[in-house]
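Colleague:
There are 2 protein chains.
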Amino acid sequence: MSKGRSGNERRFVEEVTRLLVPWGVPPAAARLYGYLLLCPRPVSLDQISEELGISKSSASVAAKLLESYTLARRHREPGTKRALYAVTEDYESMIRQQNRLLEAFAEQLNAGVRIAASKGVSARLGEMADFYLTLRSAMEDAMRRWKRSRA
Amino acid sequence: MSKGRSGNERRFVEEVTRLLVPWGVPPAAARLYGYLLLCPRPVSLDQISEELGISKSSASVAAKLLESYTLARRHREPGTKRALYAVTEDYESMIRQQNRLLEAFAEQLNAGVRIAASKGVSARLGEMADFYLTLRSAMEDAMRRWKRSRA
DNA sequence: TGACATATTCGGCATATTCCGAATATAATG
DNA sequence: CATTATATTCGGAATATGCCGAATATGTCA
């Protein structure tokens, strides 16, 4: 992606940012993800810094964060120390993280069943736990099916 | 729920908080939700304030926020101005919100397909959009089935 | 090994978020 | 309508978050 990014590309990046931030992704990392999604090839931190108008250090921190989320991957440029970053195909990552939260929440609700001060509360918490576990399972199934349909 | 809450109840509330905050729920509101989940009956803002150790105004703001999320509902106490709050059964609320984000993200990815600078990028964005829409549909289906199984 | 290129860390600053308590608004009743 | 009870708003303070740029760490090559 060249120096002069089109308005459409800029808009895309800002929209991706707007959607990822509520998922708990810090703004600079979200913008980087949006930008990397549009890059046909891995890009350097210098280029990221320039294209997104952020400091080199912020680019580094954002890239490493995306890497920890497995949303981006580091590539090396042989013969230099330069790091290049590109998106991974692991776009399940965010869904998996949400599933883990769902599961933990369901577990907590089941823990609540055991301490509930009334039958009504107990029933409510149990039902909620059931609901969230059902949703989690449905997502796991869907991801399995998706993987298979792609193989 | 009486003045002297048990350690287990306290722990439950703090655990629910810990799990809801990453979903973007402010700490006080998350704690209130955890507390309300354990209440067999609607409770007043005074009681909330006292039990959670927060100011009356914070309790009010938190309760109204949960209400806007449809996680809690306001009840009136006839003959007084007092507001009582209790959790709703609308625990689908958070899942629906995530689904809307998923859908919007997929739409944005499809918009990206149209401006992509290369075939590779285009294919990638399209596949991601497909994936997220598949997940969203799976969740919608699961919620529909759940509703039916409860009727 | 030293020099250079490059990434990362860290302290500081600006801004955002969270909560408190006083001020203000609103609901209920006689 | 006035009074009282109660909820809500708002300004301010404390704390958290996000980012920058200088300092530091690390990788590559001759």
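Protein sequences appear in the order of chains A and B.
With this note's numbering as the guide, the letters of the first sequence map in order to residues 1087 to 1237.
With this note's numbering as the guide, the letters of the second sequence map in order to residues 1087 to 1237.
Note that beta-carbon positions come from the ideal geometry of N, C-alpha and C, so glycine has one too.
1. Does the contact criterion of 3 or more C-beta pairs under 8 Å hold for the stretch 1144-1162 of chain A versus the stretch 1223-1232 of chain B?
2. Taking Cβ positions, are Glu1178 (chain B) and Phe1217 (chain A) nearer each other than 9 Å?
3. On a CA-only basis, which of B:Val1129, B:Leu1219, B:Ala1116, B:Thr1156 is nearest Arg1168 (chain B)? Give me that one, please.
4. Quick one, which of A:Arg1127, A:Leu1157, A:Ala1197 has its alpha-carbon nearest Gln1183 (chain A)'s?
5. Would you verify that the beta carbon of Ser1092 (chain B) is, or is not, closer than 9 Å to some beta carbon of chain A?
6. Can you pull the chain A residues whose beta carbon is under 8 Å from the beta carbon of Gln1194 (chain B), in chain order?
7. Let me know the secondary structure DSSP gives Ser1088 (chain A) once reduced to three states.
8. Against Gly1198 (chain A), what residues of chain B qualify as contacts under a CB-to-CB distance less than 7 Å, listed in chain order?
9. Roughly how many angstroms lie between the CA atoms of Ala1209 (chain B) and Arg1097 (chain A), to the nearest whole one?
10. Report yes if the C-beta distance between Leu1170 (chain B) and Arg1117 (chain B) is below 9 Å; otherwise report no.
11. With 9 Å set as the bound, which would you pick, yes or no: does the beta-carbon of Asp1039 (chain B) sit closer than that to a beta-carbon of chain A?
12. Cβ of Ile1072 (chain B) within 9 Å of Cβ of Met1229 (chain B)?
13. Which residue from A:Asn1185, A:Arg1091, A:Gln1194, A:Val1099 puts its Cα closest to that of Asp1227 (chain A)?
14. Does Ala1237 (chain A) come within less than 9 Å of chain B when only Cβ atoms are used?
15. Going by DSSP in three states, Arg1159 (chain A) sits in which element: helix, strand or coil?
16. CA-CA distance, Ser1088 (chain A) and Pro1108 (chain B)?
17. Taking its Cβ as the centre, do 16 or more other Cβ atoms sit within 10 Å of Glu1163 (chain A), making it buried, or is it exposed?
18. Rounding to the nearest angstrom, what Cα-Cα distance links Glu1175 (chain A) and Ala1172 (chain B) in this structure?
19. To which residues does DSSP link Ser1130 (chain A) through a beta bridge?
20. Tell me whether Gly1198 (chain B) is buried or exposed, calling it buried when 16 or more other Cβ atoms sit within 10 Å of its Cβ.
21. With a threshold of 7 Å on Cβ separation, who are the neighbours of Ala1202 (chain A) within its own chain once the five nearest residues in sequence on each side are excluded?
22. With DSSP collapsed to three states, give me the class of Gly1139 (chain B).
23. Using the C-alpha atoms, what's the distance from Thr1166 (chain A) back to Ala1115 (chain A)?
24. Identify whether Pro1113 (chain B) lies in helix, strand or coil by the three-state DSSP scheme.
25. Take Glu1100 (chain A) and list the residues in its own chain whose beta-carbon comes closer than 8 Å to its own, dropping the five residues that flank it on each side.
Modeller: From the atom records:
1. The stretch 1144-1162 of chain A is not in contact with the stretch 1223-1232 of chain B.
2. Contact flag set, yes.
3. Nearest of B:Val1129, B:Leu1219, B:Ala1116, B:Thr1156 to Arg1168 (chain B), Cα basis: B:Val1129.
4. Measuring C-alpha to C-alpha distances from Gln1183 (chain A) to each of A:Arg1127, A:Leu1157, A:Ala1197 identifies A:Leu1157 as the nearest.
5. Interface residue, yes.
6. Listed along the chain, the chain A residues whose CB falls inside 8 Å of the CB of Gln1194 (chain B) are Phe1098, Glu1101, Val1102, Leu1105.
7. Unreliable placement is indicated for Ser1088 (chain A), whose pLDDT of 47 sits below 50; no coordinate value is reported for it.
8. Going along chain B in sequence order, the residues near Gly1198 (chain A) (Cβ under 7 Å) are Phe1098, Leu1123, Leu1124.
9. Straight-line Cα distance between these residues: approximately 20 Å.
10. No.
11. Residue 1039 (chain B) lies beyond the stretch modelled for chain B, which goes from 1087 to 1237, so this question has no answer here.
12. What the structure shows of chain B is the stretch from 1087 to 1237, and residue 1072 (chain B) is not part of that stretch, so it cannot be assessed.
13. The residue with the shortest Cα to Cα distance from Asp1227 (chain A) is A:Asn1185.
14. Chain B contact via Cβ: absent.
15. Looking at Arg1159 (chain A) - three-state DSSP - the assignment turns out to be strand.
16. Its pLDDT being 47, under 50, Ser1088 (chain A) is placed unreliably by the model, and the measurement read from it follows with that caveat. Each residue's Cα considered, the two are about 36 Å apart.
17. Of the residues assessed, Glu1163 (chain A) falls on the exposed side of the cut-off, its CB having fewer than 16 other CB atoms within 10 angstroms.
18. Cα to Cα, the separation comes out at about 43 Å.
19. Beta-bridge analysis with DSSP links Ser1130 (chain A) to A:Leu1170.
20. Within 10 angstroms of the beta-carbon of Gly1198 (chain B) lie 16 or more other beta-carbons, which makes it buried.
21. Taken in chain order, the residues that qualify are Ser1208, Leu1211.
22. Residue state, collapsed to three classes: coil.
23. Distance between the alpha carbons of Ala1115 (chain A) and Thr1166 (chain A) is about 25 Å.
24. Here Pro1113 (chain B) carries a helix assignment [DSSP, helix/strand/coil].
25. Arg1117, Gly1120.
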